[in-house]
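Engineer: Take a look at the following structure, please.
There are 2 protein chains.
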Amino acid sequence: MTDNERQRSAWSQLLSTHALTLRVIEGKLKAAGQPPLAWYDLLLELERAGGEMRIGDLAERLVVERYNMTRLLDRMSDDGLVERRPDPTDRRGALAVITPAGMARRADMWPHYRTAIDEAFSDALTGVEAAALAATLRKVKAHLKRD
Amino acid sequence: MTDNERQRSAWSQLLSTHALTLRVIEGKLKAAGQPPLAWYDLLLELERAGGEMRIGDLAERLVVERYNMTRLLDRMSDDGLVERRPDPTDRRGALAVITPAGMARRADMWPHYRTAIDEAFSDALTGVEAAALAATLRKVKAHLKRD
DNA sequence: TCTGTATATTTGCACATGCAACAATTGCAA
DNA sequence: TTGCAATTGTTGCATGTGCAAATATACAGA
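Pasting the structure below:
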């Protein structure tokens, strides 16, 4: 097997592992009456950023298309979890701002999400393997972003 | 960092690396006027199985919901790449069968797909790293399938 | 300053996906 | 054997996503 073949095989595994794991984890969230994963990620990202972020930055950070971020924010603000606020420094843009209800929702989701992740991975990987996996994936991302 | 934290971090990286890589690779296929990735995977799976497979088995193998497999096959058979045939051994079921045009299309797609994968990964990972990545992901899948 | 070009976000429309229900068929258990 | 639950594949409807165009604003150069 050449190096390229090994890389293609890794890509193939990445695709199917992602699909399978996502199906399991999303299924558990839904069964627990929780919102989709993407909501959690968005709320977490906003909290980490101190509560607000430019919509485009949020889209880039979460690897979501801008127009899909627009609509994700529409749905979440229908639920009162985020608000839009004009950006004072650039009137083209808008800020997505997490609300108190948004912070509460993220906190509610976490134990369900955490349990789902832990069930999917524990006993599958040792800590060392998991750390190596994370590091390797980070290298792939870093390479792609350089282009 | 505990082992569970390492695993959660790996999951987070898996999500974002998947999203980013898929975006890049699908983008290149589309730019080259090629069909989506899922078509390639389906055609390849059929060829590997000797040309035909039960629809449900195909769905399970490709980690796609059954009803989405129904529709994927609809689209691909509109393009003449696959056909449906009743399964002689179980009259509830149906076989998906690859056509000569389907085999030709897969062959056409491969160089584009291959180039896209190679550009995404080469220089990012050594052969050893890629092999370790594939092996680790396989373990995760094996664990999930045990449930 | 004025003009043209680039950027940020949104939207209309087509297409894809999830969910729940349906028809056809199988297989097990009484 | 009969009857009932489980399985296979499909479909209607609601929801989500991709693409291209529209709107508003910023910025760079003449």
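Those protein sequences? They're chains A and B, same order as listed.
If you use UniProt numbering, the first sequence corresponds to residues 1 to 147, in order.
If you use UniProt numbering, the second sequence corresponds to residues 1 to 147, in order.
In this text, a Cβ means the ideal position worked out from N, Cα and C, and glycines have one as well.
All values derive from a computational prediction rather than experimental measurement.
Mind checking if Gly27 of chain A is an interface residue toward chain B, Cβ cutoff 7 Å exclusive?
Structural biologist: Residue mapping note: residue 27 of chain A aligns to position 27 of the first sequence, counting from 1. Output row for Gly27 of chain A: interface = no.
Engineer: Which residue or residues does DSSP assign as beta-bridge partners of Met53 of chain B?
Structural biologist: On the second sequence, position 53 is the one that residue 53 of chain B refers to. Paired residue(s): B:Ala96.
Engineer: Quick check on Lys141 of chain B - is its C-beta less than 7 Å from some C-beta in chain A?
Structural biologist: Within the second sequence, the letter at position 141 stands for residue 141 of chain B. Judged by the 7 Å Cβ criterion, Lys141 of chain B is in contact with chain A.
Engineer: In chain order, which alpha helix (DSSP H) runs of at least 4 residues are fully inside the stretch 73–136 of chain B?
Structural biologist: List check, alpha helix (DSSP H) in window: 100–121.
Engineer: Would you list, in chain order, the members of the stretch 4–25 of chain B that have their beta-carbon closer than 9 Å to a beta-carbon of chain A?
Structural biologist: Correct list: Asn4, Glu5, Arg6, Gln7, Arg8, Ser9, Ala10, Trp11, Ser12, Gln13, Leu14, Leu15, Ser16, Thr17, His18, Ala19, Leu20, Thr21, Leu22, Arg23, Val24 and Ile25.
Engineer: Less than 7 Å between the C-beta atoms of Asp41 of chain B and Leu62 of chain B, yes or no?
Structural biologist: As a first step, residue 41 of chain B is located in the second sequence; it is residue number 41 there, counting from the start. As a first step, residue 62 of chain B is located in the second sequence; it is residue number 62 there, counting from the start. Yes.
Engineer: So with CB distances below 9 Å, who are the chain A contacts of Gly127 of chain B?
Structural biologist: The residue labelled residue 127 of chain B in the question sits at position 127 within the second sequence. Here the neighbours are Met1, Thr2, Asp3, Asn4, Glu5, Arg6 and Gln7.
Engineer: Check this for me: beta carbons of Arg6 of chain B and Gly93 of chain A, under 7 Å apart or not?
Structural biologist: As a position in the second sequence, residue 6 of chain B is number 6, starting the count at 1. As a position in the first sequence, residue 93 of chain A is number 93, starting the count at 1. Not a contact, by the Cβ cut-off of 7 Å.
Engineer: With a threshold of 7 Å between beta carbons, is Arg138 of chain A in contact with chain B?
Structural biologist: Mapped onto the first sequence, residue 138 of chain A falls at position 138. Interface residue, yes.
Engineer: If we cut at 7 Å on Cβ distances, does Asp118 of chain B have a partner in chain A?
Structural biologist: Within the second sequence, numbered from 1, the residue matching residue 118 of chain B stands at position 118. Answer yes: the Cβ-Cβ gap between Asp118 of chain B and chain A drops below 7 Å somewhere.
Engineer: So with Cβ pairs under 7 Å, would you call Ala130 of chain B a contact of chain A?
Structural biologist: Taking the first residue of the second sequence as position 1, residue 130 of chain B is located at position 130. Cβ-Cβ to chain A under 7 Å: yes for Ala130 of chain B.
Engineer: Can you have a look at Arg66 of chain A and say buried or exposed, based on whether 16 or more other CB atoms are within 10 angstroms of its CB?
Structural biologist: Position 66 of the first sequence, counted from the start, is the residue given in the question as residue 66 of chain A. Label assigned to Arg66 of chain A: exposed.
Engineer: Residue range of the alpha helix (DSSP H) that Ala31 of chain B falls in?
Structural biologist: Your numbering for residue 31 of chain B matches position 31 in the second sequence. Unbroken alpha helix (DSSP H) run through Ala31 of chain B: Asp3 to Ala31.
Engineer: If you draw a straight line from the C-alpha of Ala104 of chain A to the C-alpha of Ala135 of chain A, how long is it?
Structural biologist: Locating residue 104 of chain A in the first sequence gives position 104, where the first residue counts as 1. Locating residue 135 of chain A in the first sequence gives position 135, where the first residue counts as 1. Each residue's Cα considered, the two are about 31 Å apart.
Engineer: How is the alpha helix (DSSP H) around Glu65 of chain B delimited, first residue to last?
Structural biologist: Here residue 65 of chain B refers to the residue found at position 65 when the second sequence is read from its first residue. Run containing Glu65 of chain B: none; DSSP gives neither H nor E here.
Engineer: At a Cβ threshold of 7 Å, is Leu46 of chain A touching chain B?
Structural biologist: In the first sequence, counting from the first residue as 1, residue 46 of chain A sits at position 46. Answer no: the Cβ-Cβ gap between Leu46 of chain A and chain B never drops below 7 Å.
Engineer: Strictly under 7 Å for the Cβ-Cβ distance: is Leu133 of chain B near chain A by that measure?
Structural biologist: Residue numbering aside, residue 133 of chain B sits at position 133 when the second sequence is read from its first letter. Yes, its Cβ sits closer than 7 Å to a Cβ of chain A.
Engineer: Spell out whether any CB of chain B is found under 7 Å from the CB atom of Ala124 of chain A.
Structural biologist: Looking up residue 124 of chain A in the first sequence gives position 124. Closer than 7 Å: yes.
Engineer: Taking the alpha-carbon positions, what's the Thr17 of chain A to Arg91 of chain A distance?
Structural biologist: Position 17 of the first sequence, counting from 1, holds the residue named residue 17 of chain A. Position 91 of the first sequence, counting from 1, holds the residue named residue 91 of chain A. Their Cα atoms are separated by approximately 42 Å.
Engineer: Counting C-beta neighbours from all protein chains within 10 Å, is the total for Met1 of chain A 16 or more, i.e. buried, or is it exposed?
Structural biologist: Locating residue 1 of chain A in the first sequence gives position 1, counting from the first residue. Classification of Met1 of chain A: exposed, given that the 10 Å Cβ count is below 16.
Engineer: So, are the CB atoms of Ala130 of chain A and Ala10 of chain B less than 7 Å apart?
Structural biologist: Locating residue 130 of chain A in the first sequence gives position 130, where the first residue counts as 1. Locating residue 10 of chain B in the second sequence gives position 10, where the first residue counts as 1. Their beta carbons are under 7 Å apart, which means Ala130 of chain A touches Ala10 of chain B by this criterion.
Engineer: Spatial neighbours of Pro86 of chain A within its chain, please: CB distance less than 7 Å, with the 5 preceding and 5 following residues excluded, ordered by chain position.
Structural biologist: On the first sequence, position 86 is the one that residue 86 of chain A refers to. Cβ neighbours of Pro86 of chain A beyond the five flanking positions: Ala94.
Engineer: Residues of chain B with a CB under 8 Å from the CB of Leu144 of chain A: which are they?
Structural biologist: Locating residue 144 of chain A in the first sequence gives position 144, counting from the first residue. Correct list: Leu20, Thr21, Val24, Ala120 and Ala124.
Engineer: Expressed to the nearest angstrom, what Euclidean distance is found between the alpha-carbon atoms of Pro111 of chain A and Gly51 of chain B?
Structural biologist: Along the first sequence, read from residue 1 onward, the residue named residue 111 of chain A stands at position 111. Along the second sequence, read from residue 1 onward, the residue named residue 51 of chain B stands at position 51. Cα to Cα, the separation comes out at about 45 Å.
Engineer: Since Leu58 of chain B and Ala96 of chain B should fall inside the 8 Å C-beta cutoff, what is the C-beta to C-beta distance between them, to a whole number of angstroms?
Structural biologist: Counting from one through the second sequence, the residue named residue 58 of chain B turns up at place 58. Counting from one through the second sequence, the residue named residue 96 of chain B turns up at place 96. Sure, about 6 Å apart at Cβ, within 8 Å.
Engineer: State yes or no: is the beta carbon of Val63 of chain B nearer than 7 Å to at least one beta carbon in chain A?
Structural biologist: Taking the first residue of the second sequence as 1, we reach residue 63 of chain B at position 63. Val63 of chain B counts as touching chain A.
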